[in-house]
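Numbering (the UniProt record's numbering), first residue to last: 1 to 140.
Put into structure tokens, the structure is as follows:
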């Protein structure tokens, strides 16, 4: 029995037999990173009263809790006018959080939400897109 298996056995033995197994394993498993849930990333926007706009990067459904989220402008980390929420638990044992950045609407396409997490094979960069906009509409 390796260390991860022993740790998992100990976690399960201390848990209620009435709880779903995945809920029992997640809180105990991070030290051995038995599995990770991939974050869902979505960027939305809202117009501000002063003519600026706020881009909001919503990240949810991820496990473990540790996650790195940054805004980039033209590929460089951007920290000006960035706000963030706490990483909070969902009822299913995963987590969610958000980051926002206030930008000039003329430059919003230059910003991307950059996310790094154990559940992702590679970091992801997500930009805001007009609702209903497709690749064909952008190219054609």
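Glycine included, C-beta positions come from ideal geometry on N, C-alpha and C. Values in this document were obtained by computation on a predicted structure and should not be read as measured data.
C-alpha distance - residue i paired with residue j, whole-angstrom precision
i	j	result
residue 51	residue 45	13 Å
residue 105	residue 65	32 Å
residue 112	residue 43	9 Å
residue 22	residue 132	Bear in mind that the predicted position of residue 22 carries a pLDDT of just 47, short of 50, making it too unreliable to give a figure here.
residue 78	residue 92	32 Å
residue 74	residue 90	33 Å
residue 55	residue 76	16 Å
residue 103	residue 53	5 Å
Cβ separation of residue i and residue j, assumed to be a contact under 8 Å, to the nearest whole Å
i	j	result
residue 59	residue 41	5 Å
Environment of residue i [buried if 16+ CB atoms lie within 10 Å]
i	result
residue 88	exposed
residue 63	buried
residue 49	exposed
Contact test: residue i Cβ vs the ligand GDP heavy atom, cutoff 6 Å
i	result
residue 102	As for the ligand GDP, it is missing from this structure, which has no ligand bound.
Which residues DSSP lists as bridging residue i, in chain order
i	result
residue 55	45 and 101
Check: Should the stretch 110-129 be regarded as contacting the stretch 34-41, the criterion being three or more beta carbon pairs within less than 8 Å?
Finding: yes
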